[in-house]
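Undergrad: Mapping to my numbering: the sequence shown position 28 is 559, numbers consecutive.
Every residue gets a Cβ at the ideal spot worked out from N, C-alpha and C, and that includes glycine.
Below is one structure. I have some questions about it.
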Amino acid sequence: MRTTKFSLAAVAVGALLLTGCQTTDMQMGSQSAKTMATGSAAGSASTNGSSQLERCESPLGTVSLIENQSAGWYTILTGEYRLPPTSTLLRLLIQQSNCFVVVERGAAGMNAMNRERALMQSGEMRQGSNFGRGQMVASDYGISPEIVFSNSDAGGMGAALGGLVGGGRGRALASIGGSLQTKEASTMLTLIDNRSGVQVGVSEGSASKTDFGGFLGGIGGSAAGGIGGYSRTPQGKVIAAAFMDSYNQLVMSLRNYKAQTVRGQGLGGGGRLGVDGGAAPSQTSVPAERAPARRRK
532 MRTTKFSLAA
542 VAVGALLLTG
552 CQTTDMQMGS
562 QSAKTMATGS
572 AAGSASTNGS
582 SQLERCESPL
592 GTVSLIENQS
602 AGWYTILTGE
612 YRLPPTSTLL
622 RLLIQQSNCF
632 VVVERGAAGM
642 NAMNRERALM
652 QSGEMRQGSN
662 FGRGQMVASD
672 YGISPEIVFS
682 NSDAGGMGAA
692 LGGLVGGGRG
702 RALASIGGSL
712 QTKEASTMLT
722 LIDNRSGVQV
732 GVSEGSASKT
742 DFGGFLGGIG
752 GSAAGGIGGY
762 SRTPQGKVIA
772 AAFMDSYNQL
782 VMSLRNYKAQ
792 TVRGQGLGGG
802 GRLGVDGGAA
812 PSQTSVPAER
822 APARRRK
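Spelled out as structure tokens, the structure:
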């Protein structure tokens, strides 16, 4: 009887291992491989975009992406997580939303445009190539992304519950709880007016995903480790969802946009908060003198 039970358990474990090694056909456009930023965009048209993305009837202006590549979050993004720059993701979201027209200001793109202009100036291009001056579109706004990483492991809760229950059931509960992992990401977007340098809008977004990767840990340590490794939620997908959330928040605020005003002086005219010994804000700008009236002859 014991032999039969052992054989059935061995067959079950063997089937599980074979399932983990199963090879499937290539699936182009697989849903499991997609992030929240999916589909394509061409001009004002988009295809297969996320239904959760906020959209605009017409663009609010042109925008360029400003990434602080010396920031700590950028080093983590490209080094630890080995993910591409956030501009790659945001370009798709922005164009699909039709809220802004993206203009190129990245180093690689600018180098490519300058190379074409250099070829034209050298005389190597055909007649009518039209790479002359005065054709680049100004960037009305700049969007600056920021990422705050937070990876939390909820396994401690399962282990604590297992200690309270005790016995074999407690160990099983602790094993399941130890495999419970939650990945979180928080992002921010700042919209700057490039002509004045004034901050127009700012938004925060977040996303999280819980993974039961090692749920079958009780069957065997090596088997659970392999299954957990293949089923963990990639941090990149969580970051993409967080950026879509922050972009949606920004678009919703811009729909109700009303410019901030400083009464009396306007922006940068001295402000309304005076200091002891300084000129009053109302005296920081001198009214233009009137020209003397001409005498009639």
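1. Is it true that the stretch 564 to 579 meets the stretch 615 to 633, where meeting means three or more beta-carbon pairs spaced less than 8 Å apart?
2. If F680 and I625 are in contact, beta carbons under 8 Å, what's the gap, nearest whole angstrom?
3. Could you tell me which of G801, N579, T721 and E715 sits nearest to A507, measuring between CA atoms?
4. Put Y672 into one of helix, strand or coil per three-state DSSP.
5. Please report the distance separating the alpha-carbon of E735 from that of T718.
6. Considering just the uninterrupted stretch of the alpha helix (DSSP H) at L624, what are its terminal residues?
7. Within 10 Å of its beta-carbon, does P676 have 16 or more other beta-carbons around it, so buried, or fewer, so exposed?
8. What did DSSP end up calling K768 once you bin it into helix, strand or coil?
9. Which same chain residues, not among the five before or five after V633, have their C-beta less than 7 Å away from its C-beta?
10. Looking at the structure shown, is V729 part of a helix, part of a strand, or coil, going by DSSP?
11. Am I right that N725 and G673 are in contact with their C-beta atoms under 8 Å? What's the rounded C-beta distance?
12. DSSP beta-bridge partners for A716?
13. Out of curiosity, what's the CA-to-CA distance linking G570 and R586?
14. To the nearest angstrom, report how far apart V769 and V668 are at their CA atoms.
15. Need the endpoints of the alpha helix (DSSP H) that A576 sits in, please.
16. What whole-angstrom Cβ distance do L781 and L720 have, given they're in contact under 8 Å?
17. Sorted by chain position, which residues of the same chain lie with C-beta nearer than 6 Å to M656's C-beta, five sequence neighbours on each side aside?
18. Which value, in whole angstroms, describes the spacing of the CA atoms of Q796 and G728?
19. List the whole-angstrom C-beta distance separating S618 from G603, where the pair is believed to meet the contact cut-off of C-beta under 8 Å.
20. CA-CA distance, V806 and T792?
21. Out of G809, G767, M567 and L785, point me to the one whose CA is closest to E611's CA.
22. Starting from A643, follow the alpha helix (DSSP H) in both directions and report where the run begins and ends.
23. Out of curiosity, what's the CA-to-CA distance linking L722 and S653?
24. Taking T606 as part of the alpha helix (DSSP H), name the residues at either end of that continuous run.
25. Which residue marks the beginning of the beta strand (DSSP E) containing L596, and which one marks its end?
TA: This is what the structure holds:
1. yes
2. As a first step, residue 680 must be located in the sequence shown, where it is residue number 149. As a first step, residue 625 must be located in the sequence shown, where it is residue number 94. The pair is not a contact, with the Cβ atoms about 23 Å apart (cut-off 8 Å).
3. Shown here, the chain extends from 532 to 828; a query on residue 507 therefore has no answer.
4. Here residue 672 corresponds to residue number 141 of the sequence shown, with the count starting at 1. It is a strand residue.
5. Reading the sequence shown from its first residue, position 204 is the one you call residue 735. Reading the sequence shown from its first residue, position 187 is the one you call residue 718. The alpha-carbon atoms of E735 and T718 are separated by roughly 6 Å.
6. On the sequence shown, position 93 is the one that residue 624 refers to. First-last of the alpha helix (DSSP H) with L624: T617 to S628.
7. The count along the sequence shown starts at 1 and reaches residue 676 at position 145. Buried.
8. For the purposes of this step, residue 768 is taken as residue 237 along the sequence shown, with counting starting at 1. DSSP places K768 in helix when its eight states are reduced to three.
9. Walking along the sequence shown from the start, residue 633 turns up at place 102. If we look at V633 and ignore the five residues flanking it on each side, its Cβ neighbours are V594, R622, I625 and Q626.
10. Position 198 of the sequence shown, counting from 1, holds the residue named residue 729. Correct three-state label for V729: coil.
11. Translated into positions along the sequence shown, residue 725 becomes position 194. Translated into positions along the sequence shown, residue 673 becomes position 142. So it is a contact: roughly 5 Å between Cβ atoms.
12. Taking the sequence shown and counting its residues from 1, the one referred to as residue 716 is at position 185. F680 and A738, per the DSSP bridge assignment.
13. For the purposes of this step, residue 570 is identified with residue 39 of the sequence shown, where counting begins at 1. For the purposes of this step, residue 586 is identified with residue 55 of the sequence shown, where counting begins at 1. Their backbone Cα atoms lie some 14 Å apart in a straight line.
14. Locating residue 769 in the sequence shown gives position 238, counting from the first residue. Locating residue 668 in the sequence shown gives position 137, counting from the first residue. Their backbone Cα atoms lie some 33 Å apart in a straight line.
15. In the sequence shown, counting from the first residue as 1, residue 576 sits at position 45. Counting along the chain, A576 falls outside any alpha helix (DSSP H), though it belongs to the beta strand (DSSP E) covering A576 to T578.
16. Stepping through the sequence shown from its first residue, residue 781 is reached at position 250. Stepping through the sequence shown from its first residue, residue 720 is reached at position 189. About 5 Å; that satisfies the 8 Å criterion.
17. As a first step, residue 656 is located in the sequence shown; it is residue number 125 there, counting from the start. Excluding positions up to five away in sequence, the list reads L650.
18. Your numbering for residue 796 matches position 265 in the sequence shown. Your numbering for residue 728 matches position 197 in the sequence shown. Those two C-alpha atoms are separated by around 18 Å.
19. Position 87 of the sequence shown holds residue 618. Position 72 of the sequence shown holds residue 603. Rounded, the Cβ-Cβ distance is 18 Å, inconsistent with contact.
20. Numbered from 1 along the sequence shown, position 275 holds the residue referred to as residue 806. Numbered from 1 along the sequence shown, position 261 holds the residue referred to as residue 792. Each residue's alpha carbon lies about 21 Å from the other.
21. Position 80 of the sequence shown, counting from 1, holds the residue named residue 611. The shortest Cα separation from E611 among G809, G767, M567 and L785 belongs to G767.
22. Here the question's residue 643 lines up with position 112 in the sequence shown. Its alpha helix (DSSP H) spans residues A638 to Q652.
23. Translated into the one-based positions of the sequence shown, residue 722 becomes position 191. Translated into the one-based positions of the sequence shown, residue 653 becomes position 122. Their Cα atoms are separated by approximately 39 Å.
24. Reading the sequence shown from its first residue, position 75 is the one you call residue 606. Taken as a continuous stretch (DSSP letters only), the alpha helix (DSSP H) holding T606 covers G603 to T606.
25. The residue labelled residue 596 in the question sits at position 65 within the sequence shown. Element bounds for L596: T593 to L596.
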